[in-house]
Structure formats: C-alpha cells, structure tokens
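Asks: Here it is, the structure in full.
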Amino acid sequence: MACIPEAMYPKYVVCGRNMKPMVCEATPSGSGHSAEAEALVYNFVKRKKPGLLLEMFGKDRCQELEKRDHLYDRNSLISMLKEVEGRLPVVKEDASQNEEQKNNSNARVKENGRYDISSRDFAPFQTNNEAIPGKNKVRITPELAVFNYFHERQQGEALKLLFNEEKREDYGRKVESMGIWMPPKENRQTQEIWKCELCKKEIKGHGGRTNLLNHLGSHENIPCPCIIEGCDAILRRLPSLLSHLKNKHVLLVASLNAKQYYAVQDITKQFRKKAETFRDKYFPPEAFIGFDRKMQNTAKNLQDSKCKECRENVKSATTRRTHVAGHLKLSYECVFEGCKFKAEPNTLAGHFHNKHSTKVGDLNEEQLFKHKQIKLDFGKIMRKEVPNYFGYKSEVPGELLF
C-alpha cells in the first residue's frame, strides 16, 4: 500500500506498524504547511484506504477536510516534497531489507543526492498486495505502489525526489510492461459548482479548472487571435475561438491541418497560463459552493459495465475504451521518430512524459498533429466497437438510448 512520506505527515500521525486508534487534533491556525500536509494526507487516505479516515481524523474533521479536498491538486504535493527534502534524516542501508522492515525504522537512504523510500516507511498503510491472477506475476510492494501512484499522475519531479535513477528505471519498466493492479480511483460523477466573485455567475465543471479559466476571459484581457491568415478577429475566450473557426471559416478541430492545430494548441496553452494568474481573484476557495448532485443520463452511464466477451466488470467509461482496444489488439506507434513503443492514446501520453520527458502540450508541430490523428482514429473506432462489448443496461427505458 502506498503512503505519503512520513516527513509530510502532520505531527499527530503515528508512524509505527501498529497504529493505535486515534483522532487527529485540529491543525493550529497559521501553520500553512501543516494544514496543507493534513489535507494531502486526508486526500491520499480517502483514495487509497478510506476505512482509516474516521480513525485518523474523526467525523467532524473529515467533514471539514472534505469541503476543501478539491483545492489540493497534484502540484501541492510537489511543493510539499521540496519543502521536506532537506530535512529527511540519513542513514546507511542495512544488508537485510526484510530485517529493516521488522525494525520499524523511520530512516531514509540517500544515494547520489536523492532520498529513497523503502517499504518500512509505509507500515501503517500496508495491505496484502499479492500477485493478482491474470494481471501480474510479482508481489506489489509498498515501494512499487508509491512509484506507480506518482507514475500514473506523470509526476516525474516527485519521482526524482523519492527514488534514485536506478530504481526509477527499474520500476518504470515494470509498471509500463505489466498490468499492475492498483485500488480503483474515485471517479466523481458530479460537477463542482463555483460562483464568480465579480459577476456571481455559477460555473460548473468536472474536476479540473478548464471551465473556470475559460470564464476568466470574460473579465480579463486574454486575447485569443484567430489562426487563419488574413482574419483579424480576436476572441476573448477559447470556446469563442473554436466557435469562430467553425462558424466563420467552417473549420472543426478535426479538420485543422498540422500548422493550424499547433497554433490552436499554443494559444490554448498561453491562455490558460495567463488565466491561471487571475484564478484566485475571481474564484478564491470560498467561492466554491459544492457539488451538483444531479445524475447525468449519458450514453456512457447507461452502458452495462460487464464485457460481453470476457465478462470482466469495467466500471469506468474511459477504462472500457482501453479494455476494448485490448480485445481488438489496437495500438498506435509513438510519435517520436525512431521509437517503436505502441499503445492506445492515453497510455501514449504517459509514455511521452516518462520516456521522452515531453508532455502532450509540448510536442512539436508534426508530433502534435500525429497525436491528434491517433486520437481521432481511436475515437472513431471506439464509437463503433464499444457497444459491441458493453451493451446498454436492460432496465434502461428505450427513449433514453437515443
């Protein structure tokens, strides 16, 4: 079971193997890093071992932390890791790793200027992660689990802080080549609701900040110029730019050539970067209202989660696409010249970051266009094939299917 490094725990979290039942004290006011660490621990435990929440925080504190849980994105963890890196104690590694785990030591090993995490650091959250039939043939250690946790989130910076180069390469090969089973991630089916401080308009969105940032174009001067040569139109928001291309120039994103698509992606990146600087001005933490609990009757939600071919239960709509691609043996070659790695689009994005140290948004014009074509082809095939593997639920009224 993966766990946040001990140095990031609030002081009241017990780090022994047999953690005694306890309720955490409230974080003292004014201790920003302690509050952030507490929130990060809460977020992590909620996703990986929710049964410990009440024992660690108590009901009232859980309710309070849940209200602010959405505020902590993956970058918060990076800042916390950098903050504590220099304060981790250093000892030499013992010859027997198994003996070290039994000693309940809190020590860290430093190699080549990097701090390494071993299984003993995750004792309070360990589970019996044995090999999963049909998935992998190795025991998933806590150390490998925490590597996969950051690897899935493409947090290379965190991996460099936690693991030396040799282990990063070793674990990277394992998680990329093997179907390592991890506890399922929580997938919110509800939307967050925020109220703009200036115009009081309520903005809804799933998870990320895309809708919030797009709204900021209504209040701040963040130009989105048309990419078509000879057109002087300057739009205020990204959705407006896409609508302009569609209505004025009869161009959908799928129809853009390599140069045009690259230009749109560059404008998108610059817009969001600038809009992010105004985010707290219009949507501070107190602007969060809550979650829209209305159920969404989309086609994805109406699908049966059990595969007709192999009878595996696949709950996530995104994972179903990956699952179907596996049955079809559908994969695409990496867009980097000379690289023969093949996978479906979502896995390719992670491969770009982990193997080539490049995010999708930083691909060059030719690579970005190839990636767009891959996504379009994959989407077209999935729209046709997914229903053949995941039919609609029998109890769904016919009128909802069309």
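Position in the sequence shown (first residue = 1) + 952 = the numbering used here. All C-beta atoms, glycine included, are put in the ideal place defined by N, C-alpha and C. Computed from a prediction, not measured in an experiment: that's the story for all the values here.
Compute the beta-carbon to beta-carbon distance between Lys1322 and Val1287, rounded to the nearest angstrom, for a pair I have assumed lies under 8 Å.
Replies: The sequence position of residue 1322 within the sequence shown is 370, counting from 1. The sequence position of residue 1287 within the sequence shown is 335, counting from 1. The Cβ separation is near 4 Å, so the contact holds.
Asks: Sort out for me which residues DSSP pairs Asp1122 with in a bridge.
Replies: Here residue 1122 refers to the residue found at position 170 of the sequence shown. In the DSSP output, where bridge partners are listed per residue, Asp1122 has none listed.
Asks: Rounded to whole angstroms, what is the Cα-Cα separation between Glu1154 and Lys1126?
Replies: Taking the first residue of the sequence shown as 1, we reach residue 1154 at position 202. Taking the first residue of the sequence shown as 1, we reach residue 1126 at position 174. Distance between the alpha carbons of Glu1154 and Lys1126 is about 44 Å.
Asks: Contact defined as beta carbons within less than 8 Å: I believe Met1165 pairs with Glu1228. What is the distance between those atoms, to the nearest angstrom?
Replies: Taking the first residue of the sequence shown as position 1, residue 1165 is located at position 213. Taking the first residue of the sequence shown as position 1, residue 1228 is located at position 276. According to the sequence shown, residue 1165 is Leu rather than Met. Confirmed, about 7 Å.
Asks: For Leu1193, which residues of its own chain have a beta-carbon under 6 Å away from its beta-carbon, when the five flanking residues on both sides are left out?
Replies: Position 241 of the sequence shown, counted from the start, is the residue given in the question as residue 1193. If we look at Leu1193 and ignore the five residues flanking it on each side, its Cβ neighbours are Cys1176 and Leu1187.
Asks: Rounding to the nearest angstrom, what Cα-Cα distance links Glu1264 and Thr1310 in this structure?
Replies: Reading the sequence shown from its first residue, position 312 is the one you call residue 1264. Reading the sequence shown from its first residue, position 358 is the one you call residue 1310. If I take the Cα positions, the gap works out to 34 Å.
Asks: Tell me whether Pro1085 is buried or exposed, calling it buried when 16 or more other Cβ atoms sit within 10 Å of its Cβ.
Replies: Position 133 of the sequence shown, counting from 1, holds the residue named residue 1085. Residue placement at Pro1085 is poorly supported in this model, since its pLDDT is 42, which falls under 50; the coordinates still yield a value, given next. When all chains shown are included, Pro1085 counts as exposed.
Asks: Using 8 Å for Cβ pairs, my map puts Phe1330 next to Gln1255. What's the rounded Cβ distance?
Replies: What you label residue 1330 is simply residue 378 of the sequence shown in a count that begins at 1. What you label residue 1255 is simply residue 303 of the sequence shown in a count that begins at 1. The pair is not a contact, with the Cβ atoms about 18 Å apart (cut-off 8 Å).
Asks: How long is the line joining the alpha carbons of His1275 and Ile1333, rounded to whole angstroms?
Replies: Translated into positions along the sequence shown, residue 1275 becomes position 323. Translated into positions along the sequence shown, residue 1333 becomes position 381. When rounded, the distance between both Cα atoms is 13 Å.
Asks: Roughly how many angstroms separate the alpha carbons of Asn1173 and Phe1230, rounded to a whole number?
Replies: Locating residue 1173 in the sequence shown gives position 221, counting from the first residue. Locating residue 1230 in the sequence shown gives position 278, counting from the first residue. The straight-line gap from Cα to Cα measures roughly 11 Å.
Asks: Which one or two residues does DSSP pair with Asp1244 in a beta bridge?
Replies: Reading the sequence shown from its first residue, position 292 is the one you call residue 1244. Answer is Gln1143.
Asks: Looking only at its chain, what residues have a beta carbon closer than 8 Å to the beta carbon of Lys1221, apart from the 5 residues adjacent to it on each side?
Replies: As a position in the sequence shown, residue 1221 is number 269, starting the count at 1. Excluding sequence neighbours, Lys1221 sits near Gly1313.
Asks: DSSP beta-bridge partners for Gly1390?
Replies: Missing from the structure shown is residue 1390; the chain here goes from 953 to 1354 and no further.
Asks: Taking its Cβ as the centre, do 16 or more other Cβ atoms sit within 10 Å of Arg1072, making it buried, or is it exposed?
Replies: On the sequence shown, residue 1072 is found 120 positions in, with the first residue counted as 1. For Arg1072, the predicted structure reports a pLDDT of 35, less than 50, and the residue's modelled location is therefore unreliable. The matter cannot be settled from this model.
Asks: Grouping DSSP H, G and I as helix and E and B as strand, with all else coil, what is Ser1014?
Replies: Stepping through the sequence shown from its first residue, residue 1014 is reached at position 62. For the record, residue 1014 in the displayed sequence is Cys; it is not Ser. It is helical.
Asks: Provide the residue(s) that pair with Ile1186 in DSSP beta bridges, ordered along the chain.
Replies: Numbered from 1 along the sequence shown, position 234 holds the residue referred to as residue 1186. Per DSSP, Pro1177.
Asks: Classify Ala1206: buried if its beta carbon has 16 or more other beta carbons within 10 angstroms, exposed otherwise.
Replies: On the sequence shown, residue 1206 is found 254 positions in, with the first residue counted as 1. Answer is exposed; the Cβ neighbour count stays below 16.
Asks: With distances taken Cα to Cα, identify the nearest neighbour of Ala1277 among Lys1292, Glu1289, Gly1290 and Glu1261.
Replies: Locating residue 1277 in the sequence shown gives position 325, where the first residue counts as 1. The candidate whose alpha carbon is nearest that of Ala1277 is Glu1261.
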